[in-house]
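Here is the structure we will look at.
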Amino acid sequence: GQQVMQIPQYQHVQEGEDFTTYCNSSTTLSNIQWYKQRPGGHPVFLIQLVKSGEVKKQKRLTFQFGEAKKNSSLHITATQTTDVGTYFCAGPNYGGATNKLIFGTGTLLAVQP
Amino acid sequence: EAGVAQSPRYKIIEKRQSVAFWCNPISGHATLYWYQQILGQGPKLLIQFQNNGVVDDSQLPKDRFSAERLKGVDSTLKIQPAKLEDSAVYLCASSPTGGPYNEQFFGPGTRLTVL
Chain C
234 GQQVMQIPQY QHVQEGEDFT TYCNSSTTLS NIQWYKQRPG GHPVFLIQLV
284 KSGEVKKQKR LTFQFGEAKK NSSLHITATQ TTDVGTYFCA GPNYGGATNK
334 LIFGTGTLLA VQP
Chain A
16 EAGVAQSPRY KIIEKRQSVA FWCNPISGHA TLYWYQQILG QGPKLLIQFQ
66 NNGVVDDSQL PKDRFSAERL KGVDSTLKIQ PAKLEDSAVY LCASSPTGGP
116 YNEQFFGPGT RLTVL
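Protein sequence lines correspond, in order, to chains C and A.
Position one of the first sequence corresponds to residue 234 (my numbering), numbered consecutively onward.
Position one of the second sequence corresponds to residue 16 (my numbering), numbered consecutively onward.
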């Protein structure tokens, strides 16, 4: 079955440092979505990428979708304590009729002030 | 706009007991999802409803788990009997439609502990 892996599993940074998490799917995706889950909270949608090679920015966050639509990355510039949480990528299989999202394994980000 | 509502927020039961969770999606959202999130893992889809019909329940352990969405609005998920490995957060989510380009809106979840 489809698997979505993320690396690293955990990263601890000093406030102000940059952070990147990588997402790799075993199958081609129709789109990739990113969610953030604060400690003790629920996943909250951040963004969706659809096109091959697409890059989107949200303030300090930069999202990329790979050319083959099997990988993606999230880069945070100059982390802040508010960035703490687990970042999940998720995607439905290419050609699927439903939005059955397969979530990645997640990357837990800790930011030390 | 009100978000996805879930209850209870926490539940502690002993193994072999039964438990039920309730979810009320965002008004007008046709698609409702139940996920299981084990500590340290990503959410895993258990069942997806489109209105009151089941779209996908391939990962639902049907010998002990059941779910319904009778009127196409709110939904209940039941576990009977519970096992230790069912300890997890059960998340409900909804989206306007079931298409592959819809973001999903998650509720706060129910944290289940099975002793």
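Beta carbons: idealized from backbone N, C-alpha and C, even for Gly.
In the assembly as shown, residue 66 of chain A is an exposed residue. Its beta-carbon has fewer than 16 other beta-carbons within 10 Å. Listed in chain order, the beta strand (DSSP E) runs fully inside the region 27–64 of chain A are 34–39, 46–52, counting runs of at least 3 residues. Under the 8 Å criterion on CB atoms, residue 64 of chain A is classed as non-interfacial with respect to chain C. One alpha carbon belongs to residue 277 of chain C, the other to residue 62 of chain A, and they sit about 19 Å apart. Residue 106 of chain A and residue 34 of chain A have their alpha carbons spaced roughly 15 Å apart. Here the alpha carbons of residue 25 of chain A and residue 300 of chain C stand approximately 43 Å from one another.
For the options A:115, A:88, A:83, the alpha carbon positioned closest to that of residue 45 of chain A is the one of A:88. Listed in chain order, the positions of the region 107–121 of chain A with a beta carbon within less than 9 Å of a beta carbon of chain C are 108, 110, 112, 113, 114, 115, 116, 117, 118, 119, 120, 121. Assignment of residue 83 of chain A by DSSP, reduced to helix, strand and coil, places it in the strand class. DSSP, read as helix, strand or coil, puts residue 89 of chain A in coil.
Rounded to whole angstroms, the gap between the alpha carbons of residue 39 of chain A and residue 271 of chain C is 22 Å. Residue 68 of chain A is outside the set of residues whose beta carbon lies under 8 Å from a beta carbon in chain C. The beta-carbon of residue 275 of chain C is placed less than 8 Å from the nearest beta-carbon of chain A. The residue among A:57, A:83, A:78 with its C-alpha nearest the C-alpha of residue 69 of chain A is A:83. Rounded to the nearest whole angstrom, the CA to CA distance from residue 53 of chain A to residue 321 of chain C is 14 Å. Using a Cβ-Cβ cut-off of 8 Å, residue 51 of chain A does not count as an interface residue toward chain C, since no Cβ of chain C sits closer than that to its own.
Residue A:92 holds the alpha-carbon nearest to the alpha-carbon of residue 76 of chain A among A:57, A:28, A:92, A:32.
Residues 21, 104, 105, 106 of the same chain have their beta carbon placed closer than 7 Å to that of residue 124 of chain A, with the five preceding and five following residues left out of the count. Contact between the region 281–297 of chain C and the region 330–344 of chain C is absent: fewer than 3 CB-CB pairs across the two stretches fall below 8 Å. Listed along chain C is no residue with a C-beta nearer than 8 Å to that of residue 32 of chain A; the closest approach is about 25 Å.
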